[in-house]
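The block underneath contains the structure these notes are about, expressed in structure tokens.
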Amino acid sequence: MAPPSFIIVAIDGGAASGKSSSARLLADRFDLLHVDTGSFYRHLTAELLRRGVPATDLPALRTALGALQLTTRVEGRSARMLVDGQPAGDEIRSEEVNRHVSHYAAVPEVRQTLLGYQRGQTEVARASGFRGLVMEGRDIGSVIFPQADCRFFLHADPVERAKRRAAEGRQDSIAERDRLDTSRKTSPLTCPPGAIDIDSTHLTLPEVVEKMSTVIAARQGIA
Ligand code: DC
Numbered sequence: 012m013a014p015p016s017f018i019i020v021a022i023d024g025g026a027a028s029g030k031s032s033s034a035r036l037l038a039d040r041f042d043l044l045h046v047d048t049g050s051f052y053r054h055l056t057a058e059l060l061r062r063g064v065p066a067t068d069l070p071a072l073r074t075a076l077g078a079l080q081l082t083t084r085v086e087g088r089s090a091r092m093l094v095d096g097q098p099a100g101d102e103i104r105s106e107e108v109n110r111h112v113s114h115y116a117a118v119p120e121v122r123q124t125l126l127g128y129q130r131g132q133t134e135v136a137r138a139s140g141f142r143g144l145v146m147e148g149r150d151i152g153s154v155i156f157p158q159a160d161c162r163f164f165l166h167a168d169p170v171e172r173a174k175r176r177a178a179e180g181r182q183d184s185i186a187e188r189d190r191l192d193t194s195r196k197t198s199p200l201t202c203p204p205g206a207i208d209i210d211s212t213h214l215t216l217p218e219v220v221e222k223m224s225t226v227i228a229a230r231q232g233i234a
């Protein structure tokens, strides 16, 4: 039998909807590169804040973005974005970045800067010998890879999501980020037509991953 071909799995969803946990487990199960695009937006946000470039100052933002070198380091099964050779620090999960990231992510120039970089992760995955990639974010199935082999949209009740963040010991502006991410003009968070919508409110993580795995295995012809 022919080996399964290179596969692209897209997972979109709101803050704390379970994207990262499920993407990590799928990456292990199917030998995929895990690409967390939220961490890319967070890293750019932290860098722009560090440089004192506000999301509202478009000329300064354009200049700063134009000068940034984005490269990738593969660590285990994860793609880490390096900005001018530097990996992201813990500050990308800070309250300050949580508060600002959706404002930067709403700027078309910021999204444009990451568009080609994100698509280029397929080459990184191939060059590193993975069988495909699983990319999570807000616009993966709608904009980055609308032709992905499998597209999932995860959602969960906001109260449940707040509990998940609290259990991780993290503070997050979940409702406000979702409001900004769904209402922006460029690439808003939405369940694209044809994507598989999974409500994880009453599902455990293994149950979510099982549902996704069934679809991926069927797609790979190994079900
Ligand atoms: O997945 P996350 O919560 O770490 O993402 C942080 C923010 O980045 C999110 O609130 C909006 C933005 N984002 C985006 O606009 N598009 C993506 N593909 C991924 C993240």
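Using this note's numbering, the first residue of the sequence shown is number 12, and each one after it goes up by one.
From the three backbone atoms N, C-alpha and C, an ideal C-beta is built for every residue, glycine too.
Coil, strand or helix - residue i by DSSP
| i | result |
| --- | --- |
| Thr-74 | helix |
| Ala-228 | helix |
Alpha-carbon to alpha-carbon, residue j and residue i
| i | j | result |
| --- | --- | --- |
| Glu-106 | Gly-232 | 43 angstroms |
| Arg-62 | Leu-72 | 10 angstroms |
| Val-226 | Glu-102 | 35 angstroms |
| Gly-77 | Leu-214 | 43 angstroms |
| Arg-181 | Pro-204 | 33 angstroms |
| Arg-84 | Thr-67 | 30 angstroms |
| Ser-33 | Arg-162 | 13 angstroms |
| Val-112 | Arg-53 | 6 angstroms |
| Lys-222 | His-166 | 14 angstroms |
| Arg-91 | Thr-133 | 14 angstroms |
| Pro-65 | Val-121 | 12 angstroms |
| Thr-82 | Pro-98 | 10 angstroms |
| Asp-150 | Tyr-128 | 14 angstroms |
| Val-20 | Asp-168 | 24 angstroms |
| Val-94 | Ser-50 | 12 angstroms |
| Glu-218 | Gly-29 | 12 angstroms |
| Leu-60 | Thr-212 | 34 angstroms |
| Asn-109 | Ala-26 | 10 angstroms |
| Gly-24 | Cys-202 | 8 angstroms |
Where the alpha helix (DSSP H) containing residue i begins and where it ends
| i | result |
| --- | --- |
| Gly-49 | 48-61 |
| Leu-36 | 30-41 |
Span of the beta strand (DSSP E) around residue i
| i | result |
| --- | --- |
| Leu-81 | 81-86 |
| Gly-24 | 18-24 |
**Item:** Contiguous alpha helix (DSSP H) assignments of at least 4 residues, all confined to the segment 143-217
**Value:** When DSSP assignments are scanned along the segment 143-217, the uninterrupted stretches of alpha helix (DSSP H) that are 4 or more residues long and fall wholly within it turn out to be 169-178 and 185-194.
Taking the runs of the alpha helix (DSSP H) that are 4 residues or longer, which of them lie wholly in the segment 88-140?
The qualifying runs are 106-116, 119-130 and 132-138.
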